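Numbering-wise (the working numbering), the sequence shown opens with residue 128 and increments by one.
Glycine residues also receive a C-beta, built at the ideal position from the N, C-alpha and C atoms.
None of the values given here were measured: they were computed from a predicted structure.
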Amino acid sequence: MKKWMIGAVCGLMITGCSIQSVEPEVKEEDLPVVEKIIEFEPRNVEADYITIVNTQRLNVRAEADESSDKIGAVEINDKFQVISEAYDSTKRIWYEIRTEEGIRGFVAGWYCAATKITIRVEADSATILDIDVLPVPKYVSNPFDEDDVSVGDQVVGHVIKEIAQIDDLIKIVFEGQVELTGSYYHENNSDLGKVIIFSPDEASSVLLPRMSQDITSVEFVLSDYDQVSSNFGDIGTTGYATLTVDSYTIGYGSSSAYNQAKMVKVIIE
Numbered sequence: 128m129k130k131w132m133i134g135a136v137c138g139l140m141i142t143g144c145s146i147q148s149v150e151p152e153v154k155e156e157d158l159p160v161v162e163k164i165i166e167f168e169p170r171n172v173e174a175d176y177i178t179i180v181n182t183q184r185l186n187v188r189a190e191a192d193e194s195s196d197k198i199g200a201v202e203i204n205d206k207f208q209v210i211s212e213a214y215d216s217t218k219r220i221w222y223e224i225r226t227e228e229g230i231r232g233f234v235a236g237w238y239c240a241a242t243k244i245t246i247r248v249e250a251d252s253a254t255i256l257d258i259d260v261l262p263v264p265k266y267v268s269n270p271f272d273e274d275d276v277s278v279g280d281q282v283v284g285h286v287i288k289e290i291a292q293i294d295d296l297i298k299i300v301f302e303g304q305v306e307l308t309g310s311y312y313h314e315n316n317s318d319l320g321k322v323i324i325f326s327p328d329e330a331s332s333v334l335l336p337r338m339s340q341d342i343t344s345v346e347f348v349l350s351d352y353d354q355v356s357s358n359f360g361d362i363g364t365t366g367y368a369t370l371t372v373d374s375y376t377i378g379y380g381s382s383s384a385y386n387q388a389k390m391v392k393v394i395i396e
């Protein structure tokens with residue numbers, strides 16, 4: 128009798144354990160469908176286009192370089208969306224495009240009129256905010272002829288911002304930053320007073336505009352001496368540095384003329 132009761136109790140316990148461990152099977156089609164709603168965020172979208180100008184036929188090249196392989200050609204007034212921009216060793220702009228034939232390559236930017244379009248995209252509409260037609264860039268060889276340049280021309284990536292004359296002094300003001308390496312001199316100059324003079328090395332000198340009548344010197348002084356002099360030690364200090372400058376200015380026509388630039392950043396070595 129006791130053995131029977133013990134067996135029955137064990138059977139119930141085993142049965143109970145089995146009932147607790149079995150879970151109903153849920154099929155995927157029985158699960159509720161949850162829709163994930165992504166809220167649209169309005170944004171501005173920019174698109175760049177170019178139109179071929181100033182030439183009847185323009186080569187498409189494999190790389191952004193005049194010596195690169197020719198892989199196709201486009202015609203005057205053809206229009207393309209710009210995939211990317213690149214610059215060659217002389218800081219001239221090239222546009223990467225895809226032709227109607229599916230050829231992807233680069234065209235020289237100085238034969239192209241560029242248009243930048245800014246579009247405001249809403250959830251249910253798109254509005255053109257701005258259409259900016261850029262001038263066709265004019266690149267001048269370096270050294271350049273000072274009598275044959277105009278505002279807007281580019282010399283090794285520097286855009287001529289202003290050409291001014293005061294008495295005998297003529298200034299050509301450029302815009303565009305450039306990183307240079309070379310030597311600096313913190314001195315009290317008999318003509319200029321307290322100055323920082325920077326002399327770019329041979330690798331950096333080609334990165335600055337040079338006039339044809341003075342191709343050997345691109346030495347310049349920092350125009351913002353009071354703000355930056357503390358970076359160059361006491362007067363009499365010389366050294367080597369990596370210097371980033373803007374607003375490079377060539378002065379000529381007067382015995383007191385000198386070149387100058389505004390410092391952006393310096394790393395003293």
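Item, Value
"Cβ contact check for the segment 265 to 281 and the segment 329 to 347: 3 or more pairs under 8 angstroms", "yes"
"Boundaries (first-last residue) of the alpha helix (DSSP H) holding Q354", "Y352 to V355"
"Distance between I287 and Q281 (C-alpha atoms, nearest Å)", "6 angstroms"
"Rounded straight-line distance, which links the Cα of S332 to that of A253", "48 angstroms"
"Counterpart residues of Q387 in DSSP-defined beta bridges", "V348 and T376"
"C-alpha gap between D318 and G284, whole angstroms", "31 angstroms"
"Beta-carbon spacing of S230, V278 below 8 angstroms", "A quick correction: the sequence has Ile, not Ser, at residue 230. Their beta carbons are not under 8 angstroms apart, which means I230 does not touch V278 by this criterion."
"3 or more residues per run - each beta strand (DSSP E) lying fully within the segment 187 to 242", "197 to 202, 206 to 208, 211 to 214, 220 to 225 and 231 to 235"
"Neighbourhood of S195 by C-beta distance below 7 angstroms, restricted to the same chain and skipping five residues each side", "R188 and A189"
"For D295, three-class secondary structure by DSSP", "coil"
"Where S331 falls: helix, strand or coil (DSSP)", "helix"
"Sub-8 angstroms separation of V201 and I179 beta-carbons", "yes"
"L261 vs A241 beta-carbon contact at 8 angstroms", "yes"
"Own chain partners of K392 with C-beta closer than 7 angstroms, once the 5 adjacent residues on each side are dropped", "T371"
"Proximity below 8 angstroms, CB of Y375 to CB of L349", "no"
"C-beta atoms of A362 and K389 nearer than 8 angstroms", "Checking the sequence shown, residue 362 turns out to be Ile, not Ala. No, Cβ-Cβ distance for I362 and K389 is not below 8 angstroms."
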